[in-house]
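Just below is one structure, and these are the notes that go with it.
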Amino acid sequence: MGNHMTKNHAFRSILAVAFVTGVAVLPNAAEAKDWWPFKINAAKGGDLKKVEALDYVPLEKAEKPWNLCVLFPHLKDSYWVSVDYGIVEEAKRLGVKVTVLQAGGYDALPKQLSQYDDCVASGAQGILVAAISEAGLAAKLKEGDAKGLVQIAVANPILETPITARITPDTYQKGFQEGEYLKKYLGDKKTTAIGLPGPQGSGWAESYMAGFRDSTKTGNIKLAAELYGEPGVPQSLRLVEDALQTYPDLNVIWGGAAAAEAAVSAVADAGRDDVVIMSSYENQTMLKLVKEGKVLGFAAEYPVMMGRISVDLAVRALEKKDYEKVLLVAPGIVTKDNVDKIDPTQIFAPDGWKPEFSVQ
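Each residue of the sequence shown is one higher than the last, beginning at 85 in the working numbering.
Right under this line is the structure:
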């Protein structure tokens, strides 16, 4: 992750501009059928020092029904269900085949490794990978690269291992900008914060944390602890409850969506309505809690759009058409003030939509 931090520092100022306008507003009804153009940042030639904003427009149709395979860590929350929705819908629109596999959790790396082998054995021409751990999957990805497989990192960053392309949030920038937002929101008030970024070893959790940590190096927020763990509500609840006991002056809890959801329950039980809670990414529960004023906000990642664009990237690569090697979703902070202005079709699967595992 070291290289990623340095590179991200290099273009923090560029993305700060995108951050201000990063929240997509609701489309007119006439525009709702097409999801493009979508504003996104591209690192030209994969160089993170050459980041440009662009309006992404996908292909109209694939030339043939390519066979794609998708690897998810899990489909236990609306975030990954929304990525799945984007992939499935774009596969249908482009006319390609998709098989979706999910490992069951961030503690299931061996399962994801065997699922990678299943993708290869099934004759997949392209693999969309939401890696549980880049380090854990690196050997498989190198094998796939040597075989000429198209491999696209979707949502979870793959930074050092050779792959075809990636579309991910800029996790460092999101953590940093949320820290900046909290400092502005809290003003001169001295605060003690904890961070619950997610599972150690995932890469993205460390990157979120590094951004938030760097932001708190100036200003009035004292970062008391960094608590890593599986991104589930029960696991996060134990961490939050322990932190409330350990740090009696704790008044800011920042972390993933599951951690923020757990924190709402824990601070209510502890009678600590003075604690400010912020989430590093979104799901349906976060949307509800922001509207209710129980969570200050979240930094949007547009899961549906990442899913859609990952399919288009794979098809472009398979058809030897031009494509961007590194696409970064510009963070947009969503709070009670602007939550009704976001376009939910870019973020969430429709209400009641169930995960689909195959497009033929």
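The beta carbon of each residue, even a glycine, is placed where N, CA and C say it ideally should be.
| query | result |
| --- | --- |
| As assigned by DSSP and simplified to three states, the class of P318 | helix |
| Residues sharing a beta bridge with K306, DSSP | T276 |
| Which listed residue (L323, T183, P157) has its alpha carbon closest to that of Q444 | T183 |
| Nearest to T330 (by Cα), restricted to the options A308, I417, E345 | A308 |
| Residue closest to F260, alpha-carbon to alpha-carbon, out of V238, S286, F296, D272 | F296 |
| Proximity below 8 angstroms, CB of K267 to CB of N240 | no |
| DSSP state of S162 mapped onto helix, strand, coil | helix |
| Residue burial classification, E227 (beta-carbon count within 10 angstroms, cutoff 16) | exposed |
| Burial state of M293, where buried means 16 or more other Cβ atoms lie within 10 Å | buried |
| Residue closest to G170, alpha-carbon to alpha-carbon, out of E262, V410, D298, P387 | P387 |
| Within 8 angstroms, strictly: CB atoms of V374 and K420 | yes |
| C-alpha gap between G313 and K148, whole angstroms | 42 angstroms |
| Other residues of its chain near D358: CB distance less than 8 angstroms, five sequence neighbours each side excluded | N335 |
| Outcome for W120 when other beta-carbon atoms lying within 10 angstroms are tallied against a minimum of 16 | exposed |
| Segments of 3+ residues assigned as beta strand (DSSP E) that fall wholly inside the segment 120-165 | 122-127, 135-140, 151-156 |
| V180 burial status per 10 Å Cβ neighbour count (16 or more: buried) | buried |
| Cβ shell of V109 (< 8 angstroms), same chain only, five flanking positions each side left out | Its pLDDT being 45, under 50, V109 is placed unreliably by the model, and the measurement read from it follows with that caveat. Same-chain partners within the cutoff: K425, I426, D427. |
| One or two residues paired with T252 in a DSSP bridge | L412 |
| Terminal residues of the beta strand (DSSP E) in which T183 lies | 181-186 |
| Residue span of the alpha helix (DSSP H) that contains S198, given as start and end | 193-205 |
| Exposed unless 16 or more other CB atoms sit within 10 angstroms - verdict on K258 | buried |
| Counted within 10 angstroms of its Cβ, other Cβ atoms place R322 as buried (16 or more) or exposed | exposed |
| heavy atom of the ligand SAH below 7 angstroms from S198 C-beta | Among the components modelled here there is no ligand, and therefore nothing to report on the ligand SAH. |
| Short Cβ contact (8 angstroms threshold) for M382 with V418 | Correcting the residue type first, residue 382 is Phe in the shown sequence and not Met. Closer than 8 angstroms, so yes. |
| K145 burial status per 10 Å Cβ neighbour count (16 or more: buried) | exposed |
| DSSP bridge partner residues for L373 (one or two, in chain order) | Answer is none; L373 lacks a bridge partner. |
| Pair within 8 angstroms by beta-carbon distance, G377 and A342 | no |
| Residue environment, A214, which counts as buried when at least 16 other CB atoms sit within 10 Å | buried |
| S363: first and last residue of the uninterrupted beta strand (DSSP E) it sits in | 360-363 |
| Nearest-angstrom Cβ-Cβ length linking D229 and P415, presumed shorter than 8 angstroms | Incorrect: roughly 29 angstroms between the Cβ atoms, too far for contact. |
| Same chain only: Cβ atoms within 6 angstroms of I98, ignoring 5 sequence neighbours per side | Unreliable placement is indicated for I98, whose pLDDT of 36 sits below 50; the coordinate value is still reported in the next sentence. Around I98: V135. |
| Own chain residues within Cβ distance below 6 angstroms of S299, not counting five before or after | F260, G263, E264 |
| Close-in-space but distant-in-sequence residues of the same chain around F156 (CB under 6 angstroms, 5 per side omitted) | W164, Q186, A214 |
| DSSP state of A342 mapped onto helix, strand, coil | helix |
| Coarse secondary structure for A219, derived from DSSP in three states | helix |
| Counted within 10 angstroms of its Cβ, other Cβ atoms place G232 as buried (16 or more) or exposed | exposed |
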